[in-house]
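Residue numbers (the numbering used here), protein chains in the order written: chain D, 208 to 429; chain H, 30 to 105. Heads up, the beta-carbon is just placed ideally off N, CA and C, and yes, glycines get one too. To start, the structure itself, in structure tokens.
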Amino acid sequence: MHAAVVVFPGSNCDRDMAVALERAGAKVSMVWHKDTSMPAGVDLIGVPGGFSFGDYLRCGAIAANSPICQAVKAHAEAGGYVLGICNGFQILTETGMLPGVLLRNAGLKYVCRAVGLRVATDQSAYTSGYAKGAEITVPIAHHDGNYHADTATLDRLEAEDRVAFTYADNPNGSARDIAGILSENRRVLGMMPHPERMSEAAHGGTDGAALFAGLAAQLVSA
Amino acid sequence: MKARVHIMLKNGVLDPQGEAVRHALGSLGFEGVHGVRQGKVIELDLAEGATEADVTAMCEKLLANTVIESYTVEMS
């Protein structure tokens with residue numbers, strides 16, 4: 208698997224994501240936001256967490272309009288894989304690659320702690336390493352993670368089995384406890400929790416590692 | 030020329046910040062505040078000849094997220 212991780216001014220989980228992908232066996236290239244194309248042969252693009260452009264205007268709004276995002280969109284439209292974590296999820300919704308939007312947490316507080324997640328589907332490269340219904344522990348760290356979409360969109364996400372993860376105990380007010388969603392072709396995943404921060408024993412847990420391992424397994428054979 | 034863009038959360042979208050302001054007003058003794066909605070105002074200093082359509086395009090592309098926000102444009 209060859210992965211590219213996009214770096215914006217204000218990204219702060221880019222290297223964590225790169226390390227998690229490398230540990231799963233990927234070759235990783237870092238790509239700057241002003242670049243206009245991806246390295247040749249990239250299977251997966253990672254859009255990392257952080258505070259791109261200081262969260263100015265709206266979280267992810269300015270990053271979503273940066274030059275590299277055209278290449279990210281083109282990659283997804285050509286059937287490529289894109290993983291957006293935390294601010295990366297916000298950026299993917301701002302580009303329109305995933306439906307809905309992440310609002311300010313219902314409790315107004317920045318929430319930074321490990322939470323229980325339920326694996327809502329095993330039908331994706333990202334979740335193939337988990338059993339459907341499994342409960343895993345992964346940290347969250349966000350102020351704007353309250354997933355919102357209209358009822359028709361939420362119904363469609365559930366009917367199409369596109370909810371990847373739900374919160375066991377909703378920390379931010381997200382509609383239908385949604386923590387992560389998949390695109391229509393199941394190759395774009397956006398999620399607020401940070402699996403890359405729970406992927407080796409020194410992190411205090413390894414529940415996130417299966418996401419990267421599952422991805423590597425599927426993209427090697429592809 | 031100048032344009033002023035008002036951006037508000039659409040009706041039905043929860044505004045936790047507005048709710049917090051409402052509670053704060055109540056605890057200060059201001060009674061009868063049934064609701065608070067918080068938005069933003071963006072002022073643009075534009076080249077001569079810019080049109081309302083130009084500003085609308087800016088709103089659609091960047092200034093507002095029309096999934097949750099509505100906007101109005103005022104040219105002056």
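Next on the checklist: Spatial neighbours of residue 398 of chain D within its chain, please: C-beta separation below 7 Å, excluding the five flanking residues on both sides.
Outcome noted: 292, 296, 371, 372, 386 and 387
Item to check | Start and end residues, alpha helix (DSSP H) containing residue 84 of chain H | outcome: 81 to 87
Checklist entry - For residue 203 of chain D, which option in D:228, D:209, D:221 and D:212 has the closest C-alpha, if you only look at C-alpha atoms? => result Here chain D covers residues 208 to 429 and nothing more, so residue 203 of chain D does not appear.
Next on the checklist: Using CA atoms only, rank isn't needed, just tell me which of D:312, D:286, D:314 and D:272 is closest to residue 243 of chain D.
Outcome noted: D:272
Checklist entry - When the Cα atoms are used, what is the spatial distance from residue 278 of chain D to residue 62 of chain H? => result 48 Å
Next on the checklist: Check for me: the alpha helix (DSSP H) holding residue 237 of chain D runs from which residue to which?
Outcome noted: Unbroken run through residue 237 of chain D is the beta strand (DSSP E), 234 to 239; no alpha helix (DSSP H).
Checklist entry - What's the gap between the Cα of residue 241 of chain D and the Cα of residue 276 of chain D? => result 9 Å
Checklist entry - Taking the alpha-carbon positions, what's the residue 210 of chain D to residue 47 of chain H distance? => result 41 Å
Next on the checklist: Considering only the alpha carbon of each residue, which of D:232, D:216 and D:341 lies closest to residue 238 of chain D?
Outcome noted: D:216
Checklist entry - Taking Cβ-Cβ distances below 9 Å as the criterion, which residues of the region 261 to 288 of chain D are in contact with chain H? => result 264, 265, 268, 269, 271 and 272
Next on the checklist: Please return the same chain residues whose Cβ sits closer than 8 Å to the Cβ of residue 313 of chain D, not counting the five positions on each side in sequence.
Outcome noted: 353, 379 and 380
Checklist entry - According to the Cβ coordinates, are residue 323 of chain D and residue 366 of chain D closer than 8 Å? => result no
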